[in-house]
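Following numbering that gives the first Met the number 0, the numbering of the sequence shown begins with 0 at its first residue and continues without gaps.
The beta-carbon is built from N, C-alpha and C at its ideal position, and this holds for glycine as well.
In what follows, a structure is listed as structure tokens, so that the remarks can point back to it.
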Amino acid sequence: MTSPNDRNNDGGVPVPTTPAGASSTAPAEYPPASPAGRGMFGNQGTGDVSGYGGLVRQRKPIEEATRPYGSYFDEVRDALEEAYPAFGDAIEKVVVDRGELTLHVRPERIAEVCQVMRDDMSLRFELLSSVSGVDYLGADARRLHVVYQLTSMTYRRQVRLEAAVSAEEPHLPSVTAVYPTADWQERETYDMFGIVFDGHPNLTRILMPDDWEGHPQRKDYPLGGVPVEYKGAEIPPPDRRRSYQ
0 MTSPNDRNND GGVPVPTTPA GASSTAPAEY PPASPAGRGM FGNQGTGDVS
50 GYGGLVRQRK PIEEATRPYG SYFDEVRDAL EEAYPAFGDA IEKVVVDRGE
100 LTLHVRPERI AEVCQVMRDD MSLRFELLSS VSGVDYLGAD ARRLHVVYQL
150 TSMTYRRQVR LEAAVSAEEP HLPSVTAVYP TADWQERETY DMFGIVFDGH
200 PNLTRILMPD DWEGHPQRKD YPLGGVPVEY KGAEIPPPDR RRSYQ
């Protein structure tokens, strides 16, 4: 491997250098298991799961926004508060970040909030475009978050709802009665993260086999894999490559 800066004095010819973290036994080196969020070569705290780029992402706390929020965000909050008497109990905090509005909702209230967001004439969020899960392992006691992307085709607006549950009690109401598009999306979130949507008409796995154990997108789920033979060499599965354990 060469680096653009590693050149000798004779014509600028690159000089081979040893990559940081490599060893004579790579890639079949078996170090002790490392905590979730750690990439190859001991890299931690970064979205670069390979570890090659050395990228480091600074994780900042999610803080409640102060008014005025800007854009149409104040109007949406005011309309929801006026139409929904339980607003103060249901909405944990309002976050405005990177030009997007997120309402953090108590999980037991999520279906009620969706109903108001859809039906109130001042809101009219008719479309639920996606339901997805996030695992904040090690960063939040209620580590499993469900994210709902709502779109108002009437007013051309977008809002995100987010509800958090713990891994020990991963239950919240299904919103399929309000948004039928949530049917398969909730099934996928259940399949990948183990979040249980109470009241769903058919909460079964949708990607993994019915008898599969565990939920593959949880951050404490082992990578696993199958060794692959290629040109006489055996490539180990991801969980057995260097410090990616």
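- Distance between R66 and V177, taken at the CA atoms: about 30 Å.
- In the DSSP annotation of this structure, the continuous segment of the alpha helix (DSSP H) that includes A181 starts and ends at 181-192.
- In the three-state reduction of the DSSP assignment, Q148 falls in the strand class.
- Per the C-alpha coordinates, the member of T150, Y154, V158, V146 positioned closest to E187 is V146.
- Going by C-alpha positions, V93 is about 56 Å away from G231.
- Cβ atoms of A78 and S121 come within 8 Å of each other, at about 4 Å.
- Restricting attention to Y154, E81, R239, H144, the CA atom closest to the CA of M191 is found in H144.
- With fewer than 16 other beta carbons inside 10 angstroms of its own, D96 counts as exposed.
- S131 is bridged by DSSP to V146.
- Distance from the CA of L102 to the CA of V112, rounded to the nearest whole angstrom, comes to 10 Å.
- When the alpha-carbon of P221 is set against those of I61, F196, R239, Q114, the nearest one is in R239.
- L202 and V104 have their C-alpha atoms some 22 Å from each other.
- As the crow flies, the alpha-carbon of I194 is around 31 Å from that of P226.
- Around S131, the same chain offers V146, T188 as residues with beta carbons nearer than 7 Å, after the five sequence neighbours per side are excluded.
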